[in-house]
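**Q** Structure in structure tokens, see below.
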Amino acid sequence: NDVSADPRYIMPPGATGIQAELTLPILSSDQVLGVLNVESGERFSEEDAASLQIVADQLSAAITNARLFEAERRRTERLELIARVGQRIAAQLDPGELFVTTVEELHGRLGYDHASLFLLDPEDSTWLVKRASASHWFGNPVGYRISIDRGIMGAAARQRRPELVNDITADARYVAVPGADELRAELAMPILLGDRLLGILDVAGVSRLGQEDVALLVEACLELDEADDLLARLGGADERVDKRRVVAGAVD
């Protein structure tokens, strides 16, 4: 109630006549969601503190409900994306069209800042070739090639398992997307036919990625389980596919 006597106090720019400050944490269980801060030219009473605590509790409930709503919206969009991929496979779309629409859904509807799909070069299995991309940045064009010995995608390809990196600036393996200096996280998911690598589904973002994102890309890759003709074409004209052996890498 006397901010002039408290060295921790920071005066808001342009403010005058402030005598008291009251700060309450906005909590959900033991998690801090934010802070409610009020300042006044008069002293605060215990009644003021109690009233503002009610407001802080109401804000906590509102923030928690909003986050639950957003999580449910994301889950619904995930399921809708997987369903649409399945519908396109059932419609026997051209593989190139399927690849383009899938990465466009990841970028446009699910909000990934950068999404791309690479396939292993059938002429040289040490190279990945970009087949589709959707991004806020121009990046590398379709047809761009990268060795499986380079990058986070290359690590996912060699190890046959997802690679999730949430600080690409600290990972020497990262191969930058041209013009996309804002990117901070990358998730590379191998597309496998049994133990055989077909390609990589890759997303990147300016914010952290998590296990929900891993689950989404696993499901998107596993949806290829229904694409007998598509996978046969990817694997070779005479090769038939046992659907039960189409898998995506999984994290431990």
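Note that my numbering gives residue 178 to position 109 of the sequence shown, counting from 1, and the numbers run on in steps of one.
By construction, the Cβ of each residue, glycine as well, lies at the ideal position given by its N, Cα and C atoms.
Values in this document were obtained by computation on a predicted structure and should not be read as measured data.
(1) Check the DSSP bridge columns for residue 258 and list the partner residues they point to.
(2) When you compare the CB positions of residue 282 and residue 262, do they come within less than 7 angstroms of one another, or not?
(3) Taking residue 214 as the reference, which of 246, 107 and 171 has the closest Cα?
(4) Rounding to the nearest angstrom, what Cα-Cα distance links residue 97 and residue 127 in this structure?
(5) Inspect the beta-carbon positions of residue 370 and residue 201 and report whether they are closer than 7 angstroms.
(6) Which residue's Cα is closest to the Cα of residue 268: 276, 207, 278 and 286?
(7) Once the 5 residues before and after residue 242 are set aside, which same chain residues still bring their CB inside 7 angstroms of it?
(8) Helix, strand or coil: which one does DSSP assign to residue 172?
(9) Just list the residues that DSSP pairs residue 187 with in beta bridges.
(10) Residue 232 bridges to which residues according to DSSP?
(11) Considering Cα atoms alone, identify which of 198, 239, 273 and 274 is closest to residue 210.
(12) Using C-beta distances below 8 angstroms, list every residue in its chain close to residue 81, excluding the 5 sequence neighbours before and after it, in chain order.
(13) When the Cα of residue 196 is compared with those of 236, 217, 280 and 204, which residue comes out closest?
(14) Excluding the 5 residues flanking residue 271 on each side, which residues of the same chain have their C-beta closer than 6 angstroms to its C-beta?
(15) Count the other CB atoms, across all protein chains shown, that sit within 10 Å of the CB of residue 120; report buried if there are 16 or more and exposed otherwise.
(16) Based on the DSSP secondary-structure assignment, which residues constitute the bridge partners of residue 100?
(17) Return helix, strand or coil for residue 283, following the three-state DSSP convention.
(18) Where does residue 136 sit, in a helix, a strand or coil, going by DSSP?
(19) Start and end of the beta strand (DSSP E) containing residue 215?
(20) If we call anything under 7 angstroms between Cβ atoms a contact, is residue 229 one with residue 191?
(21) Taking 7 angstroms as the threshold (C-beta atoms), are residue 102 and residue 189 in contact?
(22) Going by C-alpha to C-alpha distance, which of 183, 83 and 90 sits closest to residue 76?
**A** The answer reads as follows:
(1) 270
(2) no
(3) 246
(4) 11 angstroms
(5) The structure shown does not extend to residue 370, since the chain is modelled only from 70 through 321, so no value can be given for it.
(6) 286
(7) 220, 221 and 224
(8) helix
(9) 199 and 269
(10) 257
(11) 198
(12) 87 and 108
(13) 217
(14) 185, 222 and 257
(15) exposed
(16) 97
(17) helix
(18) helix
(19) 214 to 216
(20) no
(21) no
(22) 90
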